[in-house]
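For the protein sequence lines, the chains are H and G, in the order given. Adding 31 to a residue's 1-based position in the first sequence gives its number in my numbering. Adding 194 to a residue's 1-based position in the second sequence gives its number in my numbering.
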Amino acid sequence: MSIPETIPIIGASWDDVLFVLFAAVMLGSALLVVTLRDIIRSGLAMIVCFGSLAGLYVLLGSPILAAAQVLVYIGAISVLVLFAIMLTQTKAGPARLVFQTQWWAAALAAVVLVVIFAAVVAATDWGAVAVRVQSTTDAVARLLFSDYTLPFEAVSVLLLAAVIGGIFLAKRDEVRD
Amino acid sequence: MTWTDFPIIAPLVAALLVAVAIIGVDMIAPGRSRPAIAVALVGLGIVAIAIVWTDQLVRTGQASGVAFGGAYTVDPLATYLDLVFVAIVALTVLFGPDYLGARDLPVAEYAAVLVFAMSGAMLIAGSSDLLVLFVALELMVLPGYLLAGFAKHDALSTEGAIKYFLLGSFSSAILLFGLAYIWGITGTTRIDGVAAALASAHGVSPALALGMALLTTGVAFKLAAVPFHYWTPDAYQGSPTPVTGFLSVGPKVGAIAIVLRLFVEALGPVHVDWMPVLAVLAVLTMTLGNLVAVSQTNVKRMLAYSSIAHTGYILVGFAVYANDPSGEGLTAVLFYAVAYAFMNLGAFAVVAALQKRPGVTSQLDTFAGLGRREPLLGLLMTLFLLSLTGIPPTAGFFAKALIILSAVQAGAPILGLAVVLNAIVAAFYYLRVVVYMYMREPQGEPAAVSHGALLRVGLAIAAAMTILIGLLPGPLIDAATTAARSLLPV
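Right under this line is the structure:
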């Protein structure tokens with residue numbers, strides 16, 4: 032049995048419905064990240080946000096990007112963030128977020144920006160870029176090792192520099208006499 | 195890449211090997227600063243030779259100048275900027291050990307991350323792809339975040355580093371968002387492709403305008419232009435002084451390289467739309483930087499605001515270049531970058547020399563009586579401050595003169611007038627330090643001054659270049675003109 036092109040009764044295509052679903056979850060969880068008062072909950076909401084973004088990547092026809100999103104952002108970064116919160120929080124430290132003192136100004140700026148971005152994106156003719164392409168892993172790999180070798184290599188140098196810096200900042204100083 | 199690419203990227207490869215070698219030497223002789231500094235200085239010399247060698251190959255046509263299928267290009271501009279970056283990092287390495295050694299901070303890590311930052315800056319100078327440009331930018335600024343927090347047990351240093359890191363990351367994200375818009379409109383990440391696509395398009399679409407706004411914001415953060423300068427005073431004041439010298443020069447010249455590659459080269463066809471914005475930014479930046487600098491009593495913080503003001507002067511060159519077919523504005527920018535690098539690094543080195551003992555602040559009072567106590571150091575500081583003011587016969591005079599001339603030639607004398615008025619305001623706070631050095635008696639025990647050999651060599655080079663460029667500006671103007679021409683349409 033095959034899945035029908037459009038959803039029965041509603042008449043909308045699967046793509047559209049899934050897009051609305053993922054986008055709503057992503058925006059909702061992103062809002063929770065910035066509005067929740069408990070930083071651990073913010074971190075958990077961030078994982079949901081990253082996950083729904085991976086769903087959007089699948090819909091856009093880029094499974095490799097979605098897989099990387101899940102592996103890197105949910106698998107590595109979110110877990111690291113949660114670990115960092117747990118390891119650095121002390122009883123003396125503020126349990127609540129301390130930066131939410133100008134939320135109304137930030138909210139106003141965010142709303143204005145959303146309006147501007149929406150208007151601009153809608154008003155522009157995006158031409159060839161707006162055509163949906165199915166990007167295969169094979170094609171991505173070919174680009175990475177032909178046209179984009181240099182940025183790829185430069186990123187590895189960047190990571191080396193970051194590792195050296197990170198170790199320097201994090202390592203405990205030897206006790207001197 | 196193929197083997198024919200190798201001569202083109204040889205300077206970059208050399209720079210990376212130097213960084214790795216410094217870390218390697220530190221593993222063999224842990225905690226000893228001399229071997230690390232020796233490797234760093236010799237290595238930087240080799241990098242400079244490699245840059246000149248590559249330049250010769252490209253000029254004589256033995257190599258194409260393009261590597262990685264058009265993602266990286268060596269032209270006179272890249273060579274010029276690369277040599278400036280090497281000079282900046284070499285001087286910063288010379289100025290570091292005295293200050294760091296007194297505070298038990300490791301020199302090897304300092305030198306290694308500086309060389310990493312340099313390789314990022316060199317990659318920016320030669321990038322002909324937006325993606326390379328962005329990764330190179332990150333490679334340049336990431337070591338800066340670390341260096342700002344290098345004194346990790348000092349609360350001020352950590353505070354400055356966190357502010358620098360957070361705002362730097364936001365601005366990088368904003369810049370990347372802008373790059374995504376440019377890619378979305380033109381469908382390519384190659385800089386020549388972007389320029390061609392924009393040249394054939396009619397007018398500025400809303401998305402392009404938004405993309406340019408995001409790019410301007412991102413670059414203005416990196417340049418520390420008003421109103422995106424809020425991180426600067428805290429990051430500069432908190433950082434270890436030799437690092438402050440580097441941060442005020444290295445990433446700034448790197449950001450100038452971004453403006454050259456991104457705005458002048460990629461967005462050149464739509465320059466009428468972004469130049470007025472830069473003109474406004476330039477005037478705002480120099481005026482606010484100077485006015486706030488006047489009220490500072492801490493010399494490091496004062497020099498931080500002064501560096502904001504110098505960003506404003508440099509932006510004038512960008513704001514006028516296209517109205518003048520000879521590209522005089524870009525020549526002025528490139529000349530200014532070199533003059534500014536030597537005089538500003540020199541000024542910070544004198545501040546660092548005064549902070550021999552940990553805990554000595556950089557308040558104006560520290561300078562009281564310095565001219566009589568340490569005649570040579572006082573004289574050098576006076577020279578650097580006169581050059582920063584723009585008084586002949588120093589490098590700073592010709593730098594300002596070229597900027598003002600380019601503004602007048604491009605039919606924007608009002609911008610030149612703004613520079614002149616600002617230079618007068620700036621003279622007040624620069625010369626106040628001189629007054630303190632020669633006409634005030636020190637309160638209490640004067641601060642000890644460090645006399646390390648490396649510091650002396652570095653100060654001598656910075657002072658010699660400041661005077662030499664002031665007396666014989668011809669060769670540098672020629673080099674800057676050649677470099678600027680490689681950006682202009684033939």
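Cβ coordinates follow ideal geometry from the N, Cα and C atoms, glycine included. As the structure is a prediction and not an experimental result, all values here were calculated from the model.
- DSSP, reduced to helix, strand and coil, places residue 266 of chain G within a strand of the structure shown.
- DSSP places residue 323 of chain G within a strand segment (E or B) once states are collapsed to three.
- The beta-carbon of residue 339 of chain G is placed less than 9 Å from the nearest beta-carbon of chain H.
- When Cβ pairs closer than 8 Å are counted between the two stretches, the segment 71-78 of chain H is seen not to touch the segment 41-53 of chain H, the count staying below three.
- Counting along the chain, the unbroken alpha helix (DSSP H) around residue 416 of chain G starts and ends at 400-417.
- Contact annotation, residue 292 of chain G with residue 385 of chain G: C-beta distance approximately 42 Å; criterion of less than 8 Å not satisfied.
- Going by DSSP, residue 484 of chain G is part of the alpha helix (DSSP H) stretching over 465-488.
- Short of 7 Å from the beta carbon of residue 587 of chain G, and not among the five residues preceding or following it, lie these beta carbons of its own chain, in chain order: 664, 665.
- Taken through DSSP and simplified to helix, strand or coil, residue 600 of chain G comes out as helix.
- Between the alpha carbons of residue 90 of chain H and residue 581 of chain G lies a distance of about 59 Å.
- When DSSP reads this structure, residue 261 of chain G sits in a beta bridge with G/266.
- In summary, the residues of the segment 372-401 of chain G whose CB is separated from some CB of chain H by less than 7 Å are 378, 381, 399, 400, 401, in the order they occur in the chain.
- Look at the segment 496-522 of chain G: it has no residue with a C-beta under 7 Å from a C-beta of chain H.
- Each of G/332, G/345, G/358 was checked against the Cα of residue 188 of chain H, and the nearest Cα belongs to G/332.
- Within chain H, not a single residue places a beta-carbon under 8 Å from that of residue 459 of chain G; the smallest gap is close to 17 Å.
- If you look at residue 446 of chain G, you'll find it in the alpha helix (DSSP H) that goes 435-452.
- For the set G/563, G/515, G/576, the Cα lying nearest the Cα of residue 638 of chain G is the one of G/563.
- Cβ contact annotation for residue 476 of chain G (same chain, cutoff 6 Å, sequence separation greater than five): 506, 509, 510, 513, in chain order.
- Around the beta carbon of residue 455 of chain G, 16 or more other beta carbons lie within 10 angstroms, which makes this residue buried.
- The residue among G/407, G/379, G/494 with its C-alpha nearest the C-alpha of residue 428 of chain G is G/494.
- With its beta carbon less than 9 Å from one in chain G, residue 179 of chain H belongs to the interface.
- DSSP places residue 109 of chain H within a helical segment (H, G or I) once states are collapsed to three.
- In the displayed model, residue 313 of chain G falls within a helix according to three-state DSSP.
- If you look at residue 358 of chain G, you'll find it in the alpha helix (DSSP H) that goes 349-380.
- Contact between the segment 387-399 of chain G and the segment 302-321 of chain G is not established, with fewer than three Cβ pairs separated by less than 8 Å.
- At a C-beta separation below 7 Å, residue 154 of chain H has these neighbours in chain G: 400.
- When secondary structure is reduced to three states using DSSP, residue 384 of chain G falls in the strand class.
- Pairwise C-beta distances place the segment 469-488 of chain G out of contact with the segment 520-529 of chain G, as fewer than three of them are shorter than 8 Å.
- Distances from the CA of residue 330 of chain G to each of G/353, G/266, G/273, G/211 were compared; the closest alpha carbon is that of G/266.
- Cβ-Cβ separation between residue 302 of chain G and residue 240 of chain G: approximately 18 Å, too far for a contact (criterion under 8 Å).
- The C-alpha of residue 343 of chain G is placed about 34 Å away from the C-alpha of residue 613 of chain G.
- The beta-carbon distance between residue 615 of chain G and residue 282 of chain G, rounded to whole angstroms, is 29 Å. This is too long to meet the 8 Å contact definition.
- In this structure, residue 155 of chain H sits away from residue 463 of chain G, with a CB-CB distance that is not shorter than 9 Å.
- For residue 443 of chain G, no CB of chain H lies under 9 Å from its own CB, so it is not counted at the interface with that chain.
- Residue burial annotation: residue 468 of chain G is buried, with at least 16 other C-beta atoms found within 10 angstroms of its C-beta.
- When DSSP states are grouped into helix, strand and coil, residue 44 of chain H belongs to the strand group.
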